[in-house]
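The UniProt record's numbering puts the first residue of the sequence shown at 1, with every later residue one more than the last.
Everything below concerns the one structure shown next.
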Amino acid sequence: MNPTAAERTPVVFRLGHMGDVALITGVLSHWHRTHGETFVVVTREGNLPLLENHPAVAGTVGLTDQDLTDSGWLRKTGELARRFAGAPLYDLHGTLRSRMLALRWKGEVRRYPKFGITRRLFERTRSDRFRAKLEALNVPQRYALARDDAPPPREALLPTVHLTETEQAEAATRLAPLSGDNPLVALHPYATHPSKQWPMESWTALTGLLDGAGFDWFVVGRNQAPLLPDHGRDLTNATGLRATCALLGRADLLVTGDSGPMHLAAGVGTPVVALFGPTARAWGFYPAGPRDTVLEHALACRPCSLHGAKQCTRGFECMTLTRPEAVLDAVRAVLG
């Protein structure tokens, strides 16, 4: 007997970078707790490790680069629509690709309020009216409105990455030579867009300050040029996605820019000191943990773009004004 539409597992669609997908994990957990539902998640193949062992995830569909070409997507939308016919679709992306999928979907389609027009108006006018509307709800709260009638509190939607005991033990072994009785600080000095990256000389200066202040530290992330090549504390390019989450879970704090690992740290319960420049609270991606700290400067040019992709013509002040000493002070304040 075929299941009715109400019995079919809902499908959640979200592409984007790993940070975008990390942000849906807390929403899925919230829906699982409050509605008792599980979900099939459709995303890029590279994001699938974030969803492993998640109690709200009944299945996944990983999309390849070929699937996301024009011809590949036309074919894939038909395949997905047939495979999940009758199931509700939660569109947590709101792009042309997801609209194409929705047009072919054989069931209910729900979307989240993306506030696209409000974002553009705020970017052009800097009006406090638009700012207030955007800052009222962060991105996970907006996602939740695809299913809920009212936005849940931010703390109910924090990312959740479910590590195994083996993964945690391997991370502990990996970090044992780098940590002792001192607080352990993870550093993620890289960014997808150069304008969101704190200068490398500032990161290097911070490592010296951490040494002098009695903190243990290590570098994590992926980049063509590691921060400190051949340094024993620099683990750049040395770990995959889940191993990186496990390392962050062993740290007492993460220092990072506006990046995907900022959300990975939240997923394993590690507080962050986040350095924000071209992006801002209004976009909805601020860390929302109870001990998280954001360092930023009130400049008339901020925010200059949604993801920090624009080239700076004003001397990159939004990032360079943050001094390594101020970051060390924030680390001390968070770690008590």
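C-beta atoms are modelled at their ideal positions from N, C-alpha and C, and glycine is treated no differently.
Note that the structure is a prediction, hence the values are computed from the model and not measured.
Straight-line gap, residue i to residue j (C-alpha atoms, nearest Å)
i	j	result
lysine 114	histidine 231	43 Å
glycine 260	alanine 300	26 Å
alanine 282	glycine 289	17 Å
alanine 191	tryptophan 203	13 Å
glutamate 155	arginine 33	14 Å
aspartate 234	proline 271	20 Å
aspartate 20	histidine 93	9 Å
arginine 174	glycine 214	20 Å
threonine 279	alanine 102	30 Å
serine 71	lysine 106	21 Å
glycine 221	asparagine 237	6 Å
threonine 320	leucine 134	26 Å
threonine 69	arginine 111	23 Å
aspartate 91	tryptophan 31	15 Å
arginine 302	serine 98	30 Å
proline 153	tyrosine 286	14 Å
proline 88	glycine 277	38 Å
valine 294	aspartate 258	9 Å
leucine 74	cysteine 312	37 Å
alanine 298	glycine 336	26 Å
histidine 18	threonine 60	One detail in the question is off: residue 18 reads as methionine in this sequence, not histidine. Distance between the alpha carbons of methionine 18 and threonine 60: 15 Å.
glycine 62	glycine 26	20 Å
methionine 1	leucine 157	Its pLDDT being 34, under 50, methionine 1 is placed unreliably by the model, and nothing is read from it.
alanine 274	aspartate 292	8 Å
methionine 200	glutamate 165	34 Å
glycine 36	proline 183	39 Å
serine 127	aspartate 252	38 Å
cysteine 245	leucine 137	26 Å
threonine 322	threonine 160	30 Å
Residue i versus the options, residue with shortest Cα-Cα distance
i	options	result
glutamate 167	Thr95, Gln197, Arg142 and Arg250	Arg250
proline 324	Ser195, Thr256, Thr236 and Asp20	Thr256
glutamine 224	Ala171, Leu103, Ala326 and Pro189	Pro189
threonine 77	Gly212, Arg104, Ala85 and Leu163	Arg104
valine 217	Leu178, Glu165, Thr279 and Ser195	Reading the sequence as shown, one finds tryptophan at residue 217 and not valine. Of the listed residues, the one whose Cα sits closest to tryptophan 217 is Leu178.
serine 195	His30, Glu317 and Val268	Glu317
threonine 125	Cys304, Gly277 and Asp67	Cys304
leucine 247	Val268, Pro229 and Leu48	Val268
alanine 146	Leu227, Met18, Leu28 and Leu63	Leu28
glycine 86	Asp67, Met100, Asp65 and Val109	Val109
glutamate 296	Gly240, Leu253, Pro226 and Gln197	Gln197
valine 334	Gly284, Gly315, Leu254 and Thr322	Leu254
glycine 240	Gly180, Ala171, Met200 and Pro199	Ala171
alanine 326	Leu210, Arg8 and Leu137	Leu210
arginine 8	Asn47, Ala58, Leu48 and Gly46	Ala58
leucine 48	Pro226, Arg242, Thr322 and His193	Arg242
Whole-angstrom C-beta distance between residue j and residue i, which should lie under 8 Å
i	j	result
valine 139	valine 331	Not a contact, Cβ separation roughly 26 Å.
leucine 206	leucine 328	7 Å
alanine 22	threonine 38	With 8 Å as the limit, alanine 22 and threonine 38 do not qualify as a contact, their Cβ atoms being about 19 Å apart.
arginine 142	glycine 284	6 Å
One or two residues paired with residue i in a DSSP bridge
i	result
tyrosine 90	Val12 and Arg110
glycine 59	Val40
histidine 188	Thr256
tryptophan 217	Val185
alanine 274	Thr256 and Val294
aspartate 20	DSSP output for aspartate 20 lists no bridge partner at all.
> Within the chosen definition, does the stretch 13-21 reach the stretch 35-45 through at least 3 CB pairs nearer than 8 Å?
Replying inline: These segments touch.
>> Check whether the stretch 108-127 and the stretch 259-273 touch, using three or more Cβ-Cβ pairs below 8 Å as the test.
In response: Segments in contact, no.
>> Closer than 8 Å is the cut-off here; do at least three beta carbon pairs connect the stretch 48-55 with the stretch 81-89?
In response: No, because fewer than three Cβ pairs between the stretch 48-55 and the stretch 81-89 fall closer than 8 Å, the two stretches do not touch.
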